[in-house]
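Colleague: Residue numbers (the numbering used here): 855 to 963. The following block contains the structure, expressed as structure tokens.
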């Protein structure tokens, strides 16, 4: 982003990157850490066997948030390109009315 003039485009890309790094990845890392500890304790962590189960749905949700965060970064980067510059139809998904949501989709957990 250093090669771009500061403006709305760079602000939105940086906002999406910061959201992924500071919120989504932090949440994902916490859930992975909890799952690893549970699995470690179940597979020979010493004396007691705990009957704690890893919540697969929470892990799947956290993974989906990572995917969506990366996709949001990609979308914000591609918003600055013209249709002729795109390599294929799969690079960006157009809405039916060709308007783009410019607000951050970052959520607090």
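Where is the CB? At the ideal position from N, CA and C, for every residue including glycine.
Have a look at 921, 932 and 885 and flag the residue whose alpha-carbon is nearest the alpha-carbon of residue 911.
Modeller: Taking only the C-alpha atoms, the option nearest residue 911 is 885.
Colleague: Hey, how far is the Cα of residue 930 from the Cα of residue 896?
Modeller: Taking the straight line from one Cα to the other gives about 42 Å.
Colleague: Out of 859, 889 and 920, state which residue places its alpha-carbon closest to the alpha-carbon of residue 875.
Modeller: Nearest C-alpha to residue 875: 920.
Colleague: When the Cα atoms are used, what is the spatial distance from residue 858 to residue 893?
Modeller: Cα-Cα distance, rounded: 46 Å.
Colleague: What is the DSSP secondary structure of residue 909, counted as helix, strand or coil?
Modeller: Here residue 909 sits in coil by DSSP.
Colleague: Can you grab the Cα-Cα spacing for the pair residue 856 / residue 864, in whole Å?
Modeller: When rounded, the distance between both Cα atoms is 9 Å.
Colleague: Are the CB atoms of residue 870 and residue 926 within a distance shorter than 8 Å?
Modeller: Cβ atoms of residue 926 and residue 870: closer than 8 Å.
Colleague: If you draw a straight line from the alpha carbon of residue 878 to that of residue 923, how long is it in whole angstroms?
Modeller: If I take the Cα positions, the gap works out to 7 Å.
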